[in-house]
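So the sequences go chain by chain: A, B and C.
Here the numbering used here is used: position 102 in the first sequence is 102, and no number is missing along the way.
Heads up: take any position in the second sequence, counting from 1, add 189, and you land on the numbering used here.
Heads up: take any position in the third sequence, counting from 1, add 378, and you land on the numbering used here.
Worksheet: the structure to be examined is printed underneath.
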Amino acid sequence: MERVQALATRLRALEDKDAIRELIARYGPMADSGDASGVADLWSESGTYSVGGVAEAKGQAAIAMLIDGEMHQNLLAKGCAHLLGPVAIVLDGDAAIARGHSVVFCRDESGYRVWRVSANRWELIRTPDGWRVSRRVNAPLDGSGEARQLLGFGDRSDNGQTLKVESHEELNAPKSRATVSLRVDRHRL
Amino acid sequence: MERVQALATRLRALEDKDAIRELIARYGPMADSGDASGVADLWSESGTYSVGGVAEAKGQAAIAMLIDGEMHQNLLAKGCAHLLGPVAIVLDGDAAIARGHSVVFCRDESGYRVWRVSANRWELIRTPDGWRVSRRVNAPLDGSGEARQLLGFGDRSDNGQTLKVESHEELNAPKSRATVSLRVDRHRL
Amino acid sequence: MERVQALATRLRALEDKDAIRELIARYGPMADSGDASGVADLWSESGTYSVGGVAEAKGQAAIAMLIDGEMHQNLLAKGCAHLLGPVAIVLDGDAAIARGHSVVFCRDESGYRVWRVSANRWELIRTPDGWRVSRRVNAPLDGSGEARQLLGFGDRSDNGQTLKVESHEELNAPKSRATVSLRVDRHRL
């Protein structure tokens, strides 16, 4: 029975990684189909999404507004793709961190061009409804240290002991306080 | 014994997702190495591949012709890459749907450029030989509703009850009827 | 007990594939965060990395030098992303081969552009510390046969019997002999 228990533990770790990969794999297709509530549901209720140079969204309603907002709708109307790279996942019980690239392609009169290339750090938590994003930080890879740090593994410990997920206490605002602040984007659409 | 059975069921679900990811991950490398029969074997015998604005292929022979055809051979000679993004998979017993992006890069005298950016809906079935693609629909993300719908999750039910794989009855034509219709592509090579 | 053993064997195969995907998924984030020792540790001690048209690195020290070297640091300062596609993995006990694309995006005054699009063949081995890359061969997809062959599956046997991992005997040079030879790159930075 001990042996079966050991198998169950190993299986659960694989299931967790699969669920996290699946969650993140849904972001691009949902964003590019304009599915605002689908995207918002990838996050926990008080989850945050920091889009470097573009917006800071706090809570599911604010995250949905990023998809329903003018900038994203403008991209959708032109034709766009939010392509993600594979994510490297560090799992630590009910929390996890995933790191990877995202690239936004945008269509204009001359064809497709590379509009934005970013680093992403995803912080994830296990909720009663499954894994959800508690915090995503995105920053354009423009030579600055910020984006590079998002992709860094610190001391690269795999055993999770160094996994630091920022406290979410300050995010536990009531849903009605969900806010999104949009900045003028430096890239012209 | 019940517990072992439960583990076996969970393990099989992970194996199915792994096999589907692997199947789809082979498409790009096989296409870009010019392996027509390898690409065709990713599909079921009566499988279809709709390449939006380019071609409609029905059956493995027709799918192989897409790789051996002039357009793809032209791309290969210039240097091209069919890069896929991660796929989001909804599994339902012996059927599955996967959604994700594909990007074709093409080399010209000035370097590489983004030639095509598409949405993909993959319908898959379990066959005696393992998972195969029964239907792939690809459409360029050009702002039209068609491509966006391919990436949409409908009501986003995860439990598979809403999974709709189109009937393949009409595709069960004899192999000799495999057809491919090539359209003039709107992008110049 | 036999049944539990069979589950354990299947589980281990999935764990191996997960570990290999994870290892390869770390390359891009580590490279773009400038983590030279992290990148080097993805390889075995005597591992090699052939960057077609750019460099031949042999041993972890040489691979670290690719990241610390002028070309890569130049890319990092401008802003770059080493985006990988999904890998198709053929597993054979303690060895494996993975095939997939990589794309390097680079930022210049006009935005991001596609700098390099390559084929990759990763040879991996199980070591006491887990899976490591024993050999990576990268070649730009420029229409040449070399890059296309890297993505090819030979006879596409899945059962591993045709898996050929090149002998690493000749690579077992002492670490002090780690060498890297840099070639002038044909693309201007």
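Where is the CB? At the ideal position from N, CA and C, for every residue including glycine.
Check: Rounded to whole angstroms, what is the Cα-Cα separation between B:Cys269 and B:Arg310?; Outcome: 22 Å
Check: Contact criterion: CB-CB distance below 9 Å. Does B:Ile213 meet it with respect to chain C?; Outcome: yes
Check: Does the stretch 305-319 of chain B come close enough to the stretch 280-290 of chain B that 3 or more CB-CB pairs lie under 8 Å?; Outcome: yes
Check: State the start and end residues of the unbroken alpha helix (DSSP H) segment that holds C:Pro407.; Outcome: Glu380 to Asp410
Check: How long is the line joining the alpha carbons of A:Ala19 and B:Pro218, rounded to whole angstroms?; Outcome: 26 Å
Check: For the stretch 276-304 of chain B, list every residue whose C-beta sits within 8 Å of some C-beta in chain A, in sequence order.; Outcome: Val276, Ala277, Ile278, Arg288, Gly289, His290, Val292, Arg302, Val303 and Trp304
Check: Could you run through the stretch 513-525 of chain C and flag, in chain order, every residue whose CB is less than 9 Å away from some CB of chain B?; Outcome: Pro518, Leu519, Asp520, Gly521, Ser522 and Ala525
Check: Where do the N-terminal and C-terminal ends of the alpha helix (DSSP H) with B:Glu298 fall, by residue?; Outcome: Careful: B:Glu298 lies outside any alpha helix (DSSP H) and carries neither H nor E.
Check: Using the beta-carbon of each residue, which ones in chain A are nearer than 7 Å to B:Lys267?; Outcome: Neighbours of B:Lys267 on chain A: none; closest Cβ ~15 Å, over 7 Å.
Check: Pick from A:Met65, A:Tyr49 and A:Ala57: whose alpha carbon is nearest that of A:Ser37?; Outcome: A:Met65
Check: DSSP three-state call for A:Val54: helix, strand or coil?; Outcome: coil
Check: So B:Leu231 packs on B:Arg321, CB below 8 Å; how close in whole Å?; Outcome: 7 Å
Check: Using a C-beta to C-beta distance shorter than 7 Å, which residues of chain C count as neighbours of A:Arg3?; Outcome: Val382
Check: With a cut-off of 9 Å, does the C-beta of C:Glu393 fall near any C-beta of chain A?; Outcome: yes
Check: Relative to the C-alpha of C:Tyr405, which residue among C:Ser480, C:Val382 and C:Val468 is closest?; Outcome: C:Ser480
Check: Considering just the uninterrupted stretch of the beta strand (DSSP E) at B:Asp257, what are its terminal residues?; Outcome: No beta strand (DSSP E) holds B:Asp257; the alpha helix (DSSP H) holding it covers Gln249 to Asp257.
Check: Roughly how many whole angstroms lie between the Cα atoms of A:Phe153 and A:Ala119?; Outcome: 13 Å
Check: Is it buried or exposed for B:Thr237, if we count other Cβ within 10 angstroms and need 16 for buried?; Outcome: buried
Check: Can you tell me the Cβ-Cβ gap for C:Arg485 and A:Leu141, rounded? I've got them flagged as a contact below 8 Å.; Outcome: 7 Å
Check: Please look up how many angstroms separate the CB atoms of B:Ala266 and C:Gly521, rounded, as I've assumed it's under 8 Å.; Outcome: 5 Å
Check: Nearest-angstrom Cα distance between B:Tyr301 and C:Trp493?; Outcome: 7 Å
Check: Tell me whether the beta-carbon of B:Asp257 lies closer than 9 Å to the beta-carbon of C:Leu529.; Outcome: no
Check: Look at the alpha carbon of A:Glu45 and the alpha carbon of B:Gly274, and state the distance between them as a whole number of angstroms.; Outcome: 27 Å
Check: Counting only the same chain and skipping the five closest in sequence on each side, list residues whose C-beta sits under 8 Å from that of A:Leu83.; Outcome: Gly28, Ser102, Val103, Val104 and Phe105
Check: Are any of the Cβ atoms in chain C nearer than 9 Å to that of A:Ile20?; Outcome: no
Check: What number of angstroms, rounded off, separates the C-alpha of B:Leu200 from the C-alpha of B:Arg324?; Outcome: 26 Å
Check: Using three-state DSSP, classify C:Val465 as helix, strand or coil.; Outcome: coil
Check: Of the residues A:Val39, A:Glu56, A:Asp129 and A:Gln149, which one's Cα is nearest the Cα of A:Arg99?; Outcome: A:Gln149
Check: With distances taken from CA atoms, which of C:Ala440, C:Lys395 and C:Arg381 is nearest C:Arg468?; Outcome: One detail in the question is off: residue 468 of chain C reads as Val in this sequence, not Arg. When each option's Cα is compared against that of C:Val468, the closest is C:Lys395.
Check: For chain A, is any of its Cβ atoms less than 9 Å away from the one on C:Asp413?; Outcome: yes
Check: Between C:Ile441 and C:Asn452, what straight-line distance do the alpha-carbon atoms span, to the nearest angstrom?; Outcome: 17 Å
Check: For chain A, find out if any of its Cβ atoms is closer than 9 Å to the Cβ of C:Gly447; answer yes or no.; Outcome: no
Check: For A:Pro140, which beta-bridge partners are listed by DSSP?; Outcome: A:Ser118
Check: Using beta carbons (cut-off 9 Å, strictly below), is B:Gly242 in contact with chain A?; Outcome: no
Check: In the DSSP assignment, what are the bridge partners of A:His101?; Outcome: A:Ala119
Check: Given a cut-off of 9 Å, decide if C:Ala418 and C:Ala439 are closer than it, judged by their beta-carbon atoms.; Outcome: yes
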